[in-house]
Amino acid sequence: MAGTLTEAGAVARAVGRSLAYRALAAAFRYPGPGHIAALRGSLELTRAVSELPAALVAALADLDAALDGASEAQLGAEHVAAFGHVMLSDCPLHETAAGAGDPFRQPQALADLAGFYRAFGVEVAGGERGDHLAVELEFMHYLAYREAYALTCHGPDAVALVRRAERRFLDEHLGAFALTVARAIAGRTDGALATAGRALEQLVRCEAAELDLALAGAKPREAAR
Numbered sequence: 000m001a002g003t004l005t006e007a008g009a010v011a012r013a014v015g016r017s018l019a020y021r022a023l024a025a026a027f028r029y030p031g032p033g034h035i036a037a038l039r040g041s042l043e044l045t046r047a048v049s050e051l052p053a054a055l056v057a058a059l060a061d062l063d064a065a066l067d068g069a070s071e072a073q074l075g076a077e078h079v080a081a082f083g084h085v086m087l088s089d090c091p092l093h094e095t096a097a098g099a100g101d102p103f104r105q106p107q108a109l110a111d112l113a114g115f116y117r118a119f120g121v122e123v124a125g126g127e128r129g130d131h132l133a134v135e136l137e138f139m140h141y142l143a144y145r146e147a148y149a150l151t152c153h154g155p156d157a158v159a160l161v162r163r164a165e166r167r168f169l170d171e172h173l174g175a176f177a178l179t180v181a182r183a184i185a186g187r188t189d190g191a192l193a194t195a196g197r198a199l200e201q202l203v204r205c206e207a208a209e210l211d212l213a214l215a216g217a218k219p220r221e222a223a224r
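Using numbering that gives the first Met the number 0, read the sequence shown as starting at 0 and increasing by one per residue.
#1: So, are the CB atoms of Leu59 and Ala19 less than 8 Å apart?
#2: Report all residues from its chain with a CB closer than 7 Å to the CB of Leu55; omit the five preceding and five following residues, and keep chain order.
#3: Which first and last residues belong to the alpha helix (DSSP H) in which Ser41 is found?
#4: What is the rounded straight-line gap between the Cα of Leu4 and the Cα of Gly83?
#5: Measuring alpha carbon to alpha carbon, tell me which of His78, Val134 and Ala65 ends up nearest Gly126.
#6: Could you check which residue in Ala110, Gly174, Phe115 and Ser49 has the C-alpha nearest to that of Leu160?
#7: Relative to the C-alpha of Arg226, which residue among Ala124, Asp61 and Tyr144 is closest?
#8: Considering Cα atoms alone, identify which of Asp89, Gly33, Pro91 and Arg187 is closest to Ala72.
#9: Provide the residue span of the alpha helix (DSSP H) that contains Gly174, from first to last.
#10: Which partner residues of His131 appear in the DSSP bridge assignment?
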């Protein structure tokens, strides 16, 4: 558990969490040339962090194995099969497309996301939307890295600030959205992308436990370790 880690262990855990978010952000982008090699390299780095929960490491190992022999063209076909060419409410790549909505929900959610990004000096790359699954995963990658830096270079107040942001972002944005996507993918494809969906669900479960968050559908702390 996080509270029993040494300072070095807590830093390693935060770095490992950051790497896991980065790897899964890549897994949910449309694959281009070199995508599989880069993703597998990222997965290898993440799995080398011994402080991560065993269940998450196992899920990432399953994803690495599922990529063995796969091609970018195959992953691209799975991506289209799961997410289509337009936004879908039952298997969305964008948070504001998830579920039936209130006409005011999209601008409110996008404004809230922009506020999170702005507060930490992050800008969404041109042409991307702040509510894309990969963008939200990359933001959590950044926050977990900031946590590792705060543990190393700043005091407990700075660490607490970053962890509060992680907890709020998972609770208010990424958590339920990622679980919706992860579970929906299984009904649309059974390839490597489906394995990525299972790894994403495991990451959310472990992060909810890490941050003491009672997220709907996530396991309690003891079960996620």
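No residue lacks a Cβ here, since even glycine has one placed at the ideal position from N, Cα and C.
With the given structure in hand:
#1: Going by C-beta atoms, Leu59 is nearer than 8 Å to Ala19.
#2: Ala19, Gln201, Leu202 and Cys205
#3: Element bounds for Ser41: His34 to Arg46.
#4: 43 Å
#5: Val134
#6: Phe115
#7: With the chain represented from 0 up to 224, any question about residue 226 goes unanswered, as that position is not in the structure.
#8: Gly33
#9: Per DSSP, the unbroken alpha helix (DSSP H) holding Gly174 starts and ends at Gly174 to Ile184.
#10: His93
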